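Residue numbers (my numbering), protein chains in the order written: chain A, 1282 to 1830; chain B, 2 to 706.
C-beta atoms are modelled at their ideal positions from N, C-alpha and C, and glycine is treated no differently.
Just so you know, these numbers come straight off a predicted model, no measurement behind them.
Structure follows, in structure tokens:
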């Protein structure tokens, strides 16, 4: 028996005991090939997936290293079948290669003829390939590079891509680090992205993903297309780039519903790209408007389906995806990886918090009991109505009022899903509300007032879920959400995590109606954060008085 | 014959030499066998021990009958020489005579000798002088190198020996095949094997625990059905072959047996021995399983394939055993255990070389041995007897029949049982090692298992907590349990989860009642409850205005009336049922039909009868004077003709009941031995089997209608 920190389970999960003295070394050693799945307080769970193992191969690790690492750190005997499986899975990578051929263009070639034959016979792949050149290679239609890679991944024979990236139109971009410096993890993230070529960087909200994007642009030194979720976020990107890089406002264009500029660095919203008129996407040509050298996908977990398909055609360009929560409620995380690229950098939230780059947060679930009359209405309601009924109980308004009073003087956000409820809260708390129909100018004015401290309380709908930089916010009260969405919960907490002065501790309240679907959804919503190590406390509304302010 | 099966190749050849040479002194025998003398001497001793040979005054003699058995054995385990003549030529003389013959004769002699030592000579003369010999056969016969025996000629043993240079074989027979090996660190072998051993114990326990609550049904033949095996494999997350092994090993150790399930059908269930077994330590449990496996004649490797009759082999079926399996298994493991330390079976070539070694050791074993060796090697790896192809050090004592020593040696390699878990705020608990059995069972009750292996991950849900409450845990017990097993403080959400589940537990109560009594007047119910004669009614008050009873309504109602109450019966929808005595009425007899209907029916019946009679008349009028039956081909031709011209024919037909009848029919078609025709009697189209038609005679239409 070996006294290692790692326990290798036969179902391919790795349990890392983090209080162990060798835990840090072990984490570094397994990070290249194992996916971090959960990171609660004592034991972190990693998982061995084919994708992870192939990424490790792509990064230059071989099966022997992986097996040695497992054997070295494992506390107990490692299941033999698992080691065999690791070796076999990794041996599948690289049997097929995508290469540039001087005369035939993009070519799929193989060192293992049976594999090539097997792949050529797969129905899904046939349409993407052209003429056979010789026994070991076949022409690939240029536009199918991404689709082919994705299809091969599904067949279990991932291709190693040697075809490289187009450099794009060169444009000078430098980071302007006169009054700030890139943090270690930001630099590591940007570097590992650049070495990998394309991929996804996962960092907690408030950890400065924009700067990772900027650093990547500074590496690329080429024209860049940045895709963001909404206009407010686009403006924030622009401000940040002007402030942190050598770019000037004139070099940065905004391509949104309101303005349509194409500049060396262009920031477009997902929404405008996916606008469909008479069956065509009129703004898609933006993707070809310039010879982009880098494409940045902000909040890549929200990447809409049409963009997925377009991305498949953009495989020759470098792509970086940025996100805090790579959980998609539609379960298409795998598509993000195969289209944008593998996960290049991932940092547990609690690690960044320990380094002081994001604020610590205290999560509290407040349970309210529905009054008997409302419970009766709830019990007899149609199933689809139940969540709305439970989430919008009038009782919550009282609790919110109480909480706001307790945190008077600290900038507070009240976040909800249902507009009626938000209006009711807005009236009850005498605070302005931001909803989908609030104009961009009005939104910006309110956000600015909140940032400057002029406004201490703001009621917002889901429009503020993402990419809204509100560094001053210290308290958030969530009254309802889109059902059991894990990433929404994480993003909302993320609004609070921009570190402030004087070691602020953010408070995140979720108000939940007891014994209803509201409580069930809340459990699901909290899973991502709980797995990141955020421990929720549960408090009854009646006991709020005992809670330390 | 049994004794012969126990011999290795060398011993068989020694015995063979003895049979060929007849009574032989030891020293001579040692010369005859092309092998190391020492080894031959040892072989001779073993033969004598087994009483396959015995020392007479003038030398060693084989047991009578051995020759025949040897002859019937595999060809590569005997020399193929005939026995020596009663008066054998001296070896030197035989060699001299062989040297004399022509090359053609020598070639013939060699060929006959190698092909069994027996031939027919055709026209060759059997008694010739060497000088007169004209053919090679005659040359050999003349020199007594071929000797007539009965109707054939044979090469006598001594000649064969001379031909093979003084030995019974041309090749040495004592070259033991070597097992192909590679080097492996012994500690790594042990670790790997111990991992497998731990997994085996865990899987057996897991599966049997599962079967304890949901026993799979047993086949009528006694086995475990394919579907049940697949379900078990899914449950264990294993392939079916390995699952079959796990099941067989558990059965071999007496941990499962058939029992009647709830419906009385036979099902596989854990035995009471399983309870004893599971209370022991992992290493002891492993030793118990593997000891049973070592001695078992079972062949789980067959599961998934089909027997010669095409029936799939089922796990646990009684036929799934082989007489030689246990011996082959032991020998295979012994061969592996005999490898020098640090050497293990080579990955690709190891197995065939192991089979070759075993073939040498027991040449007379059946052909399936290659499979059996392969199974043994695979099973041993799964069971943790071997790791990476080498026998684990702790398994050595077990092979020598010392399970206690083996389990003691294994103990150091197994993860030590832990008595605590780590509770986390995401409502999971991780046991960083195998839990003590009792603790594991308790945890499995209050939490769902998410991941198994060296460690176990549990998840608490309201469902799992409720499960614990269902079996009688209280909130205080739950909290105390969590507090005692956790090394870390119990996270607040978990405490809350328990409390919250307890709060809603039992809000709705369910019970059994045959009838209820409801009254707005509480005093009426109270009066009833306290009535001295109401005790037998099983009344219980569940609310001020509601009383339930365990007495069925039809008994309760008259009893209540006897007690002086005046109850009314309430329907399922709450409406009052008025009880009135049922008045008995019989049913009116059926025969009340109208006269018109009856007469119409009679008319129709008359018509049918007339039609049948007429058809019969037509048939009768065409009855042949002499009813000679037609042959089937004859009637076929006649029918075809009738179909073509569209004629009406009379046929003689024997129906299904063997009743012969004559029908007038209009043939429509004849196909596939079946005639389709319209029968005049019924007016419907029907089919007749042609072979049952004994008579076909055309009639004209006029007569038929």
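Neighbour flag for residue i against chain A, beta carbons, 8 angstroms
i                      : result
residue 497 of chain B : yes
residue 693 of chain B : no
residue 452 of chain B : yes
residue 449 of chain B : no
Top-ranked residue by Cα proximity to residue i, from the options
i                       : options                        : result
residue 1486 of chain A : A:1605, A:1807, A:1506         : A:1605
residue 1296 of chain A : B:451, B:475, B:470            : B:451
residue 56 of chain B   : B:23, B:670, B:188             : B:23
residue 410 of chain B  : B:25, B:396, B:420, B:115      : B:396
residue 544 of chain B  : B:553, B:324, B:524            : B:524
residue 1311 of chain A : A:1328, A:1320, A:1321, A:1436 : A:1328
residue 1634 of chain A : A:1433, A:1785, A:1501         : A:1785
residue 121 of chain B  : B:205, B:588, B:44, B:141      : B:141
residue 487 of chain B  : B:13, B:474, B:419, B:601      : B:419
residue 1729 of chain A : A:1712, A:1746, A:1752         : A:1752
Proximal residues to residue i (C-beta, below 6 angstroms), its chain only, five neighbours per side dropped
i                       : result
residue 1652 of chain A : none
residue 1324 of chain A : 1296, 1298
residue 1762 of chain A : 1698, 1769
residue 307 of chain B  : 313
residue 160 of chain B  : 95, 146
Neighbouring residues, chain A, relative to residue i (Cβ below 8 angstroms)
i                      : result
residue 196 of chain B : 1357, 1358, 1359, 1360, 1361
residue 199 of chain B : 1357, 1358
residue 707 of chain B : For residue 707 of chain B there is no data in the structure shown, the boundaries of chain B being 2 and 706.
CB contact check: residue i to chain B, cutoff 8 angstroms
i                       : result
residue 1476 of chain A : no
residue 1323 of chain A : yes
residue 1288 of chain A : yes
residue 1311 of chain A : no
residue 1792 of chain A : no
Partner residues on chain B for residue i, Cβ-Cβ distance less than 8 angstroms
i                       : result
residue 1812 of chain A : 427
residue 1291 of chain A : 200, 238, 453, 454
residue 1715 of chain A : Simply none; closest approach about 32 angstroms.
residue 1808 of chain A : 427
Nonlocal neighbours in the same chain, by C-beta distance under 7 angstroms from residue i, ignoring five residues either side
i                       : result
residue 627 of chain B  : The pLDDT assigned to residue 627 of chain B is 48, lower than 50, so where the model puts this residue is not dependable, and the model offers no usable value.
residue 1542 of chain A : 1534, 1535, 1536
residue 17 of chain B   : 71, 79, 80, 169
Under 7 angstroms by beta carbon: chain B residues contacting residue i
i                       : result
residue 1294 of chain A : 452
residue 1887 of chain A : No answer is possible for residue 1887 of chain A: the residues shown for chain A start at 1282 and end at 1830.
residue 1319 of chain A : 427
Sub-8 angstroms separation of residue i and residue j beta-carbons
i                       : j                       : result
residue 391 of chain B  : residue 337 of chain B  : yes
residue 417 of chain B  : residue 434 of chain B  : yes
residue 454 of chain B  : residue 1290 of chain A : yes
residue 492 of chain B  : residue 1816 of chain A : yes
residue 1717 of chain A : residue 1742 of chain A : yes
residue 520 of chain B  : residue 551 of chain B  : no
residue 461 of chain B  : residue 436 of chain B  : no
residue 1736 of chain A : residue 1727 of chain A : yes
residue 258 of chain B  : residue 268 of chain B  : no
Proximal residues to residue i (C-beta, below 8 angstroms), its chain only, five neighbours per side dropped
i                       : result
residue 1681 of chain A : 1695, 1706, 1709, 1710, 1758, 1760, 1792
residue 468 of chain B  : 446, 447
Beta-carbon neighbours of residue i, restricted to chain B and to distances below 9 angstroms
i                       : result
residue 1816 of chain A : 425, 426, 427, 492, 493, 494
residue 1819 of chain A : 493, 494, 496, 497, 498, 501
Contacts of residue i in chain A (Cβ-Cβ under 7 angstroms)
i                      : result
residue 193 of chain B : 1358, 1361
Residues that residue i contacts on chain C, provided the C-beta gap is smaller than 8 angstroms
i                       : result
residue 1796 of chain A : Absence of chain C from the displayed structure is noted, the protein chains being A and B.
9 angstroms Cβ cut-off: residues of chain A touching residue i
i                      : result
residue 271 of chain B : Neighbours of residue 271 of chain B on chain A: none; closest Cβ ~23 angstroms, over 9 angstroms.
residue 489 of chain B : 1322, 1323
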